[in-house]
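Undergrad: Before I ask anything, let me first share the structure, which is written out below as structure tokens.
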Amino acid sequence: MNLNEDISSLSTEELRQRVDAAVAQIVNPARVKEQLVEQLKTQIRDLEMFINFIQDEVGSPLQADSARCECKASGKTGSGATRADSSRLPPGNSKKMGKFMKPGKVVLVLAGRYSGRKAVIVKNIDDGTSDRPYSHALVAGIDRYPRKVTAAMGKKKIAKRSKIKSFVKVYNYNHLMPTRYSVDIPLDKTVVNKDVFRDPALKRKARREAKVKFEERYKTGKNKWFFQKLRF
């Protein structure tokens with residue numbers, strides 16, 4: 236838009252077209268969309284770097300055990316720069332990873348529908364089974380966290396906002412990130428076990444058992460951090 240022109244010499248339609256063209260140059264929807272996509276990619280990269288950093292910190296004891304290697308060909312002992320892959324455990328490391336995966340250990344789900352949720356290990360299987368020939372664990376976690384409550388709210392509203400939705404699932408060790416925290420929530424092992432996945436009714440009963448025990452612990456005020464949603 237040429238500001239040197241006499242605006243009074245332009246018709247109303249020409250002036251409107253000039254203004255629309257100038258605004259389109261300032262606010263370009265395609266450019267704004269591109270900037271938003273770049274920001275989202277940057278946030279995803281930062282989150283992946285954070286997860287890899289945490290996994291490296293947790294995996295450092297594993298690397299320390301395998302840092303020394305015996306070179307049989309030369310008869311010398313050297314230090315190998317071995318690093319565990321973040322997506323797949325090397326052979327023999329499942330037992331070492333089992334040192335972290337114990338009942339009561341709090342883990343973060345890294346993949347699937349419940350990605351980013353907190354869960355607690357109910358049972359760990361380091362050596363795998365015939366139907367699952369890999370290291371895995373049965374976990375009970377929180378799908379929907381309780382919402383914030385205040386003293387000004389009524390009992391009915393507080394009870395509604397304190398409800399928890401749980402899940403029970405079996406995960407590969409590669410899809411779980413162990414934390415340094417543990418909780419001693421007494422889940423009934425006769426109700427929450429691997430057999431519940433054969434019958435939908437048993438699975439619903441297991442989820443209900445986890446839901447009741449989680450809500451009981453939440454109402455006591457203990458382990459508040461476990462019932463807070465991760466912000467990332």
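Each residue of the sequence shown is one higher than the last, beginning at 236 in this note's numbering.
Here a beta-carbon is modelled for each residue, glycine too, at the ideal position from N, C-alpha and C.
1. What does a CB cutoff of less than 8 Å around S322 pick up in its chain, not counting 5 residues either side in sequence?
2. Go ahead and label M336 buried or exposed: buried means 16 or more other beta carbons lie within 10 angstroms of its beta carbon, across all protein chains shown.
3. Please tell me whether S401 and K446 are closer than 7 Å, where the distance is taken between their beta carbons.
4. Taking V344 as the reference, give the member of W460, T414, E444 with the closest Cα.
5. Can you have a look at A372 and say buried or exposed, based on whether 16 or more other CB atoms are within 10 angstroms of its CB?
6. Hey, how far is the Cα of Y453 from the Cα of D423?
7. Out of N428, V426, R396, which has the shortest C-alpha to C-alpha gap to A386?
8. Does the beta-carbon of F461 have 16 or more other beta-carbons within 10 angstroms, so that it is buried, or is it exposed?
9. With the cut-off set at 7 Å, would you say V418 and V355 are in Cβ contact?
10. In this structure, does DSSP put S401 in helix, strand or coil?
11. Run the CB neighbour count on A257, radius 10 Å, all protein chains shown included, and call it buried at 16 or more, exposed below.
12. If you follow the beta strand (DSSP E) that V342 is part of, which residue opens it and which one closes it?
13. Go through its chain and collect everything with a Cβ distance to S309's Cβ below 7 Å, but skip five positions before and after it.
14. What distance in whole Å lies between the Cβ atoms of A375 and V405, which are believed to be in contact at a cut-off of 8 Å?
15. Does DSSP put V254 in a helix, in a strand, or in coil?
16. Just to confirm my understanding: we take Y380, look at its own chain, exclude 5 residues before and 5 after, and list those with CB closer than 8 Å. What are they?
TA: Let me lay it out:
1. Against the sequence shown, residue 322 aligns to sequence position 87. With a pLDDT of 43 at S322, under the threshold of 50, the modelled position of that residue is not reliable, and the figure given next carries that caveat. So the qualifying residues of the chain are N409.
2. The residue you call residue 336 lines up with position 101 of the sequence shown. Buried, since its Cβ has 16 or more Cβ neighbours within 10 Å.
3. Position 166 of the sequence shown, counted from the first residue, corresponds to residue 401. Position 211 of the sequence shown, counted from the first residue, corresponds to residue 446. In this structure, S401 places its C-beta atom within 7 Å of the C-beta atom of K446.
4. Within the sequence shown, the letter at position 109 stands for residue 344. Ranking the options by Cα distance to V344, first place goes to T414.
5. Here the question's residue 372 lines up with position 137 in the sequence shown. Buried, by the Cβ-count rule.
6. Within the sequence shown, numbered from 1, the residue matching residue 453 stands at position 218. Within the sequence shown, numbered from 1, the residue matching residue 423 stands at position 188. Distance between the alpha carbons of Y453 and D423 is about 17 Å.
7. Walking along the sequence shown from the start, residue 386 turns up at place 151. Closest by alpha carbon: R396.
8. The residue you call residue 461 lines up with position 226 of the sequence shown. With 16 or more other Cβ atoms within 10 Å, it is buried.
9. If you number the sequence shown from 1, residue 418 lands on position 183. If you number the sequence shown from 1, residue 355 lands on position 120. Yes, these two residues count as a Cβ contact at 7 Å.
10. For the purposes of this step, residue 401 is taken as the residue at position 166 of the sequence shown. Of the three classes helix, strand and coil, the one that applies to S401 here is strand, per DSSP.
11. Taking the first residue of the sequence shown as position 1, residue 257 is located at position 22. The residue is exposed, with fewer than 16 neighbouring Cβ atoms inside 10 Å.
12. By 1-based counting over the sequence shown, the position of residue 342 is 107. First-last of the beta strand (DSSP E) with V342: 340-344.
13. If you number the sequence shown from 1, residue 309 lands on position 74. In this predicted model, S309 has a pLDDT of only 45, less than 50, meaning its place in the structure is not dependable; the value taken from the coordinates is given anyway. Nothing meets the Cβ criterion.
14. In the sequence shown, counting from the first residue as 1, residue 405 sits at position 170. In the sequence shown, counting from the first residue as 1, residue 375 sits at position 140. Here V405 is actually not in contact with A375; their C-beta atoms are around 11 Å apart, not less than 8 Å.
15. The count along the sequence shown starts at 1 and reaches residue 254 at position 19. If DSSP states are grouped into helix, strand and coil, V254 belongs with the helices.
16. If you number the sequence shown from 1, residue 380 lands on position 145. Cβ neighbours of Y380 beyond the five flanking positions: I399, F462, Q463, K464.
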